[in-house]
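**Q**
Residue numbers (the numbering used here), protein chains in the order written: chain A, 110 to 425; chain B, 110 to 425.
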């Protein structure tokens, strides 16, 4: 039996629990706990961690302590501490906080952009251009996230031409070469992932493409494998699979980091992560949140965990 | 954008919640509720429903009413009502109850077979041969399930040669042509599925192969897509994703029927199922069980469900 199909290819995972995960939580996680978790994540080998968002504290009170988190962490050499930034004001805060990388966000869906960012897609794009110029001047790494790339909860399907247009403009006009196609509300499926990734890579081969999936409808890891087959090597994921969808109460959130790392490693890909350390951090996060989280490997352990033969079940 | 890769190919789903799901539940679901649920499942278009197991009531008290369930259902024309059968005694009960199909079970893992079925693999195989002969004489459809085909919680990896051996013996010596490779404790991953299915189909092209996945480590639907790519068209799944793994408390169980049907249909496969009806049945099952279930589409709805643009979230 072959060990897998990954053949040792290196895959890069950006951890987003502290941002995309916590923003959906009802409670506020203490700043010191966020800092300790970020340090634990970096210690497990994660090389890029989105640790907060420079949005307004009124819009996302869960992340009102972005500056304090950036100030509090002991930065591990080689690790990149990133933040989501929705506008120029956020960019100024990110520069002041010395974020290593900013993730500038707009939506591929006009109505989602207006609902979430309170302005038109064009206005968001102009803000991204300005913010990217500020980041470049500050010597900061820049990436862009395109929400609703695989569908919109208000509009339904988003035409591929729209995704291609924004990717081209982000690259050519804003000078951003790292772009994440985000499945904000879990509408992606493998054939769509393969098609869309293929089109983007064909029309913009220089883009450093990342995929950001939510497991809202159970297809998170299936979509990752479709992305891998299409040549993508950058994925976002959240520890313990936290996060959620404001439109679907009870639905799970981001794909789960430790489930993703486990799936990649057993499939022959290489992530350079201490899975046990990550599982420990996921358990810690679950305790902090005070409710069960969707992560599976934290409950079942890695696939080759051996159990004593003392608990028969009825089989199949 | 293409509609998907399924190109209208018909996929057959066997529903196993009433057997593989309920056997893991702490409580006993009333016989009348089981019957009502089986009828609702058949009404939603499911063509094969495993509605109970003829095991000893001491071993699996949750399914002690197998005869009463078979007697109580109004059989829908075209639907197949199946039961799991672990031995010759179970076969006699299945014949008396007029099951349409029996699913004879043994494990690919010697230690799992001994733990779960309390005898050697060879002894189980002899019992299957006898039971299959009884079924054939009674004009009954017969299938076999090979537990732990993708790994064993006691032994670890199971060599492909062992799976091939049992498939060959089940087909040649026991005359069973429908064989289900069961990922009993969720150890499968896409590359392994493709490899093993490829080997089985190559060495036994006449076998009518089914796949039975558990989502224990989050890879359930990813494994289904790997199986589809390898040419499999028969899959087991459980309504609301119920079930579980006796070795991994809190881990999810079988792949979820409505999540599977949803994933297949949006990918361009054809299942002939009323998804809304199935989602309604999943909600009913969750109420019967009195605890949350892992199904995702029952919470989030189908991917193209539209939401009113009144609930902004912070994005990506």
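Beta carbons: idealized from backbone N, C-alpha and C, even for Gly.
Around the C-beta of residue 400 of chain A, are 16 or more other C-beta atoms found within 10 angstroms, so that it is buried, or is it exposed?
**A** So residue 400 of chain A counts as exposed.
**Q** Return no unless some Cβ of chain B is closer than 8 angstroms to the Cβ of residue 436 of chain A.
**A** Residue coverage of chain A in this structure runs from 110 to 425, which leaves residue 436 of chain A outside it and unanswerable.
**Q** Excluding sequence positions up to five away, which residues of its chain have a Cβ less than 7 angstroms from the Cβ of residue 415 of chain B?
**A** There are no such residues.
**Q** Using the Cα positions of residue 114 of chain B and residue 308 of chain A, report the straight-line distance between them to the nearest angstrom.
**A** Rounded to the nearest angstrom, the two C-alpha atoms are 16 angstroms apart.
**Q** Thinking C-alpha only, which one of B/409, B/406 and B/395 is nearest residue 131 of chain B?
**A** The option with the nearest alpha carbon to residue 131 of chain B is B/395.
**Q** Bridge partners of residue 321 of chain B, per DSSP?
**A** Its beta-bridge partners are B/291 and B/345.
**Q** At which residues does the beta strand (DSSP E) containing residue 250 of chain B begin and terminate?
**A** Looking at the DSSP string, the run of the beta strand (DSSP E) that includes residue 250 of chain B is 250-256.
**Q** In terms of residues, what are the limits of the beta strand (DSSP E) holding residue 212 of chain A?
**A** Note, residue 212 of chain A: beta strand (DSSP E), 210-216.
**Q** Which residues does DSSP list as the beta-bridge partners of residue 121 of chain B?
**A** B/343, per the DSSP bridge assignment.
**Q** Using a Cβ-Cβ cut-off of less than 9 angstroms, list which residues of the stretch 275-303 of chain A approach chain E; keep chain order.
**A** Although the question refers to chain E, the structure presented lacks it and instead comprises the protein chains A and B.
**Q** Taking the alpha-carbon positions, what's the residue 423 of chain A to residue 288 of chain B distance?
**A** A caution first: residue 423 of chain A carries a pLDDT of 49, below 50, which makes its placement in the model unreliable, though a value can still be read off. About 18 angstroms.
**Q** Excluding the five sequence neighbours on either side, which residues of its own chain have a C-beta within less than 8 angstroms of the C-beta of residue 147 of chain A, listed in chain order?
**A** Answer for residue 147 of chain A: 127, 158, 160, 178, 182 and 190, listed in chain order.
**Q** Could you name the residues of chain B that residue 334 of chain A contacts, counting a contact when the two beta carbons are closer than 8 angstroms?
**A** Ordered by position in chain B, the residues that pass the 8 angstroms Cβ test against residue 334 of chain A are 299, 331, 334 and 335.
**Q** Give a yes or no on whether the minimum CB-CB distance between residue 375 of chain A and chain B is below 8 angstroms.
**A** It does; some Cβ of chain B falls within 8 angstroms.
**Q** For residue 252 of chain B, would you say it is in contact with chain A, using Cβ-to-Cβ distances shorter than 8 angstroms as the test?
**A** Not an interface residue.
**Q** Can you tell me which of B/261, B/210, B/278 and B/242 puts its alpha carbon nearest to the alpha carbon of residue 413 of chain A?
**A** Residue 413 of chain A has its Cα closest to that of B/261, out of B/261, B/210, B/278 and B/242.
**Q** For the 8 angstroms Cβ check, are there 3 or more pairs between the stretch 401-410 of chain A and the stretch 357-367 of chain B?
**A** Yes, the stretch 401-410 of chain A touches the stretch 357-367 of chain B.
**Q** Indicate whether residue 330 of chain B and residue 328 of chain A have their beta-carbon atoms separated by less than 8 angstroms.
**A** Result yes, Cβ atoms of residue 330 of chain B and residue 328 of chain A sit closer than 8 angstroms.
**Q** Whole angstroms is fine: what's the gap from residue 274 of chain A's alpha carbon to residue 139 of chain B's?
**A** Using only the alpha carbons, I get a separation of about 57 angstroms.
**Q** Evaluate the contact criterion for the stretch 360-377 of chain A versus the stretch 317-328 of chain B: three or more CB pairs, one atom per stretch, below 8 angstroms.
**A** Counting Cβ pairs under 8 angstroms, three or more are found: they touch.
**Q** Can a CB atom of chain B be found closer than 8 angstroms to the CB of residue 408 of chain A?
**A** Residue 408 of chain A counts as touching chain B.
**Q** Taking residue 191 of chain B as part of the beta strand (DSSP E), name the residues at either end of that continuous run.
**A** Looking at the DSSP string, the run of the beta strand (DSSP E) that includes residue 191 of chain B is 189-194.
**Q** Who does residue 238 of chain A pair with in a DSSP beta bridge?
**A** Per DSSP, none; premise fails for residue 238 of chain A.
**Q** 8 angstroms is my cut-off, CB to CB: does residue 190 of chain A come that close to chain B?
**A** So, not an interface residue.
**Q** Can you tell me where the alpha helix (DSSP H) holding residue 272 of chain A begins and where it ends?
**A** Run containing residue 272 of chain A: 269-281, per the alpha helix (DSSP H) assignment.
**Q** Under the assumption that residue 310 of chain B contacts residue 120 of chain B (Cβ atoms under 8 angstroms), give the Cβ distance between them as a whole number of angstroms.
**A** Wrong, their Cβ atoms sit about 16 angstroms apart, outside the cutoff.
**Q** Please decide whether residue 412 of chain A counts as near chain B, where near means a Cβ-Cβ distance under 8 angstroms.
**A** Interface residue, yes.
**Q** Tell me which same chain residues have a C-beta within less than 8 angstroms of the C-beta of residue 267 of chain B, skipping the five on either side of it?
**A** If we look at residue 267 of chain B and ignore the five residues flanking it on each side, its Cβ neighbours are 217, 218, 257, 258, 259, 260 and 261.
**Q** Using the C-alpha atoms, what's the distance from residue 301 of chain B back to residue 112 of chain A?
**A** Because residue 112 of chain A carries a pLDDT of 45, less than 50, the predicted location of this residue cannot be relied on, and the following value inherits that uncertainty. Near 8 angstroms, if we compare the C-alpha coordinates of residue 301 of chain B and residue 112 of chain A.
**Q** Assign residue 184 of chain B to one of three DSSP states: helix, strand, or coil.
**A** Here residue 184 of chain B sits in coil by DSSP.
**Q** Any idea which residues DSSP pairs residue 265 of chain A with across the strands?
**A** DSSP lists A/261 as partners of residue 265 of chain A.
**Q** When DSSP builds the beta bridges, which residues end up paired with residue 149 of chain A?
**A** In DSSP, residue 149 of chain A forms no bridge with anything.
**Q** Against residue 368 of chain B, what residues of chain A qualify as contacts under a CB-to-CB distance less than 7 angstroms, listed in chain order?
**A** The answer, in chain order, is 326 and 327.
**Q** Around the Cβ of residue 117 of chain A, are there at least 16 other Cβ atoms within 10 angstroms (buried) or fewer (exposed)?
**A** The residue in question, residue 117 of chain A, is exposed, as its Cβ has fewer than 16 Cβ neighbours within 10 Å.
**Q** DSSP state of residue 161 of chain B, grouped into three classes?
**A** In the structure shown, residue 161 of chain B sits in a strand (DSSP, three-state: E or B).
**Q** Give a yes or no on whether the C-beta atoms belonging to residue 347 of chain A and residue 366 of chain A are separated by under 8 angstroms.
**A** Yes. Within cutoff.
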